[in-house]
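Undergrad: Sequences listed follow chains A and B, in order. Heads up: take any position in the first sequence, counting from 1, add 1133, and you land on this note's numbering. Heads up: take any position in the second sequence, counting from 1, add 36, and you land on this note's numbering.
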Amino acid sequence: MSALTARLSRAALNMPPSGIRKYFDLAATMKDVISLGVGEPDFITPWRTREACIYALEKGQTSYTSNYGMLELRQAVVKSLERYYGLSYDPASEVLITVGVSEALDLALRAVINPGDEVLYLEPGYVSYAPTIMLAGGVPVPVPAKKAEGFAPDFAAFAAKITPRTKAVLLNYPCNPTGSTLTQDELAELARLCVAHDLLVLSDEIYSQLSYDVPHTAIATLPGMHERTITLNGFSKAYAMTGWRLGYAAAPAEIIEVMMKIHQYTMLCAPITAQKAALEALANGHDDMRDMIDEYCMRRNFFVRRLNEIGMPCHVPQGAFYAFPSIAATDLNADRFAVQLLEEEKVVVVPGDVFGPTGAGHIRCSYATALDKLAEACVRMERFVQRHRRQ
Amino acid sequence: MAVDRLLKLLIDDARKTPAQLAELLGLPEDAVRRKIDEYEKSGTILYYRTIINEEKLTTPVCSALIEVKVQPERGVGFETVADRIAQFPEVKDVYLLSGDYDLQVLVEGKSMQEVAAFVAQKLSTLKRINGTHTHFVLKKYKIDGALLSARPGDQRLAVTP
């Protein structure tokens, strides 16, 4: 360790490096790559939304906004949460507009965690959960999902991990990376556990609109949950606005107040340009959004059938835009599979264990890619699986 | 009838087979075949055609939008005149419009002279036509929902969490 490194934050130095970096660096050196490694829509933000932002710029709207975010946008967010999920929040005190849902999650964790508090989350799960819990001074407690049942939550394992130090449960459904969502029964069981043990719930529902088979249920609508839930969502996935960095949190006023305090000192406010664009997305973007979701759903139907056909068995993901097939038919582990698939067939996928040890033996394939590219990727993966079939 | 998801897919790409459509929509293939058959028989689906970017053709195409003022006829209104105009193969679209003029006609020919001759000799000489205004098309930017300018390629990073 160099003298300079030794002077840096131990907490930051101790954070595990991103497991994705390596595949990114590899892919960057190659041409004609088909990437199924991308965690964002392939659609460009619909024109009406971009145009609204351009108009705001032309009008000289370049100032700070309220720390909470523009009231008009908070009102629109509340209306959309009501319209799509039957949630009810006060725009004046129960909503905070953030720089992506990532910031909302970070603020929520920092607002609720005291040093040593434990936070439960399902694993495999999104890569940033453990590091952000750690940065907030908490202890990440991953709970393995049930691999054999499409990565459904294991309630026995869940209950077994609850201790007197457990402060909160961090949910993500539909889930990145597995595409699984939580059923009504599972949500009810989770809610029961949270009420019984008086746990807070941080619910990352960024993929909520991308629910294909059954409409999304927000956990905050369940009995006893509204008062203990921080609903986290944003514009990235549903409205194809990843690069705008705009999300939000909705929760009881006491929690939002504390989150706002941290946000005020660290971020001040979300960019006004993105907020103006989001207003247009919420006001007039419903049809554009539905079209994109229909398209994801059609790709899913095609892609999952093909994966199963080519020897990469895969549960049907009910949401998000990820398939999480098993690679057990090959003699490779997930890391070797990803590296060799890229080298031999120029297809990028992400090894499942990047998202937690239970993801071992699986890979994450994003189908936020045009159908013809998905079809070509399947042809290449089929060749690859044939070549590396377990003897 | 509302544009359903099957029609939406066909409008976008008419070459998709019933099997492909069925898979994308999560429907049985024979149900898709039946539905397409119904649409064809009822005339809901008129044609399956190809959209061409004429700028890429070696033989030029000249088109003009023509505003036509019509003296409507008792009992039939604009129908007879509109139908007479629509029968010419040079005429690609005919619309009855509200506003300053009555019919808008899209005419296509091999040259400006050909289109001009058609307007002068055939169109404006028809009975009950009170006048025409010809606008030659200089450049097309979007045809039937298809943008002609180059779209930016995939600008996303190859791997993101």
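Ideal placement from N, C-alpha and C gives every residue a C-beta, glycine not left out.
1. Any beta-carbon of chain B closer than 8 Å to the one on S1226/A?
2. Identify each residue in the segment 1185-1217 of chain A for which the Cβ-Cβ distance to at least one residue of chain B is less than 8 Å, and report them in chain order.
3. Are the CB atoms of L1303/A and L1253/A within a distance shorter than 8 Å?
4. Tell me, please, whether the CB atom of F1176/A is closer than 8 Å to any CB atom in chain B?
5. Quick one: what does DSSP say N166/B is sitting in, helix, strand or coil?
6. The segment 1434-1456 of chain A: which residues have C-beta closer than 7 Å to a C-beta of chain B, in chain order?
7. What is the C-beta distance between P1484/A and A1471/A, in whole angstroms, given that I count them as a contact (C-beta under 8 Å)?
8. Between L1268/A, M1425/A, A1384/A, K1394/A, which lies nearest to L1343/A when the distance is taken from Cα to Cα?
9. Could you round the C-beta distance between A194/B and A1290/A to whole angstroms and report it? I think they count as a contact, below 8 Å.
10. Starting from H171/B, follow its DSSP beta bridges and name the residues at the other end.
11. Check whether the Cβ of V127/B lies closer than 8 Å to any Cβ atom in chain A.
12. Rounded to whole angstroms, what is the Cα-Cα separation between S1135/A and D1468/A?
13. Using beta carbons (cut-off 8 Å, strictly below), is L60/B in contact with chain A?
14. Which stretch, first to last residue, makes up the alpha helix (DSSP H) that contains E1515/A?
15. Ignoring anything shorter than 3 residues or poking outside the segment 1341-1368 of chain A, list the beta strand (DSSP E) runs there in chain order.
16. Where does H171/B land, buried or exposed, given buried means 16+ other C-beta within 10 angstroms?
17. Between which two residues does the alpha helix (DSSP H) carrying K71/B extend?
18. How long is the line joining the alpha carbons of Y1381/A and I88/B, rounded to whole angstroms?
19. How about L1379/A: is its Cβ closer than 7 Å to a heavy atom in the ligand MN?
20. With 16 other CB atoms within 10 Å as the buried threshold, where does M37/B fall?
21. Taking the straight line between their C-alpha atoms, what separation do you get for V1334/A and I179/B?
22. Check whether the Cβ of D1239/A lies closer than 8 Å to any Cβ atom in chain B.
23. Got a sec? Which residues, its chain only, sit under 8 Å from K71/B by beta carbon, not counting five neighbours each side?
24. Ignoring anything shorter than 3 residues, give me the beta strand (DSSP E) runs that lie fully in the segment 1236-1285 of chain A, in order along the chain.
25. Check whether the Cβ of D1427/A lies closer than 8 Å to any Cβ atom in chain B.
26. Quickly, what does DSSP pair A1383/A with across the bridge? List them, please.
27. Looking at the secondary structure, which residues open and close the beta strand (DSSP E) in which A1301/A lies?
28. Leaving aside the five residues before and after T1463/A along the sequence, list all residues of the same chain whose C-beta is less than 7 Å from its C-beta, in chain order.
29. Mind checking T1311/A: buried by the 16 CB within 10 Å criterion, or exposed?
30. Please list, in chain order, the chain A residues whose beta carbon lies closer than 8 Å to that of R69/B.
31. Within the continuous alpha helix (DSSP H) that includes E144/B, where are the two ends?
32. Report the three-state DSSP secondary structure of I1339/A (helix, strand or coil).
33. Could you pull out every residue in the same chain whose Cβ sits closer than 6 Å to the Cβ of A1263/A, ignoring the five residues on either side in sequence?
34. Quick one: what does DSSP say R1432/A is sitting in, helix, strand or coil?
35. Checking the sheet assignment: what are the DSSP bridge partners for L1333/A?
36. Can you confirm whether the segment 1281-1288 of chain A touches the segment 1412-1432 of chain A when touching is taken to mean that 3 or more C-beta pairs between the two stretches lie within less than 8 Å?
TA: Looking at the atomic coordinates:
1. Taking 8 Å as the CB threshold, S1226/A stays off the interface with chain B.
2. Listed by position, the residues of the segment 1185-1217 of chain A near chain B (Cβ gap below 8 Å) amount to none.
3. The criterion of a C-beta distance shorter than 8 Å is satisfied by L1253/A and L1303/A.
4. So no, F1176/A is outside the interface.
5. Here N166/B sits in strand by DSSP.
6. N1434, F1435, R1438: these are the residues of the segment 1434-1456 of chain A whose beta carbon lies less than 7 Å from some beta carbon of chain B, given in chain order.
7. About 5 Å separates the beta carbons of P1484/A and A1471/A, which is inside the 8 Å limit, making them a contact pair.
8. Of the listed residues, the one whose Cα sits closest to L1343/A is M1425/A.
9. With a Cβ gap of about 35 Å, A194/B and A1290/A do not count as contacting.
10. Bridge partners of H171/B: L101/B.
11. Chain A contact via Cβ: absent.
12. Within the model, the alpha-carbon separation for S1135/A versus D1468/A is close to 30 Å.
13. It does: the Cβ of L60/B has a partner Cβ on chain A nearer than 8 Å.
14. Secondary structure note for E1515/A: its alpha helix (DSSP H) is the uninterrupted segment 1504-1520.
15. As far as the segment 1341-1368 of chain A is concerned, its whole beta strand (DSSP E) runs of at least 3 residues are 1362-1367.
16. With fewer than 16 other Cβ atoms inside 10 Å of its own Cβ, H171/B counts as exposed.
17. Start and end: 65-77.
18. Roughly 45 Å between the two C-alpha positions.
19. The model depicted lacks the ligand MN and carries no ligand whatsoever.
20. The predicted position of M37/B is uncertain, since its pLDDT is 47 and thus under 50; no value can be drawn from it.
21. When rounded, the separation of the alpha-carbon atoms in V1334/A and I179/B is 50 Å.
22. No, D1239/A does not count as interfacial toward chain B.
23. Here the set comprises L42.
24. For the segment 1236-1285 of chain A, the full-length beta strand (DSSP E) segments reaching 3 residues or more read 1251-1256, 1272-1277 along the chain.
25. For D1427/A, the answer is yes, since a Cβ of chain B falls inside 8 Å of its Cβ.
26. When beta bridges are read from the DSSP output, A1383/A appears opposite V1228/A, T1364/A.
27. From DSSP, the beta strand (DSSP E) with A1301/A extends over 1299-1305.
28. F1470, V1518, H1521, R1522, R1523, listed in sequence order.
29. The C-beta of T1311/A has 16 or more other C-beta atoms within 10 Å across all chains shown, which makes the residue buried.
30. By Cβ distance, chain A contributes nothing, its closest Cβ being about 18 Å from R69/B, past 8 Å.
31. Residue range 139-145 is occupied by the beta strand (DSSP E) that includes E144/B, with no alpha helix (DSSP H) assigned at that position.
32. Coil, per DSSP.
33. The beta carbon of A1263/A lies closer than 6 Å to those of P1273 in the same chain, with the five residues before and after it left out.
34. Note: R1432/A maps to helix in three-state DSSP.
35. By DSSP's assignment, L1333/A forms a beta bridge with A1301/A.
36. No contact exists between the segment 1412-1432 of chain A and the segment 1281-1288 of chain A.
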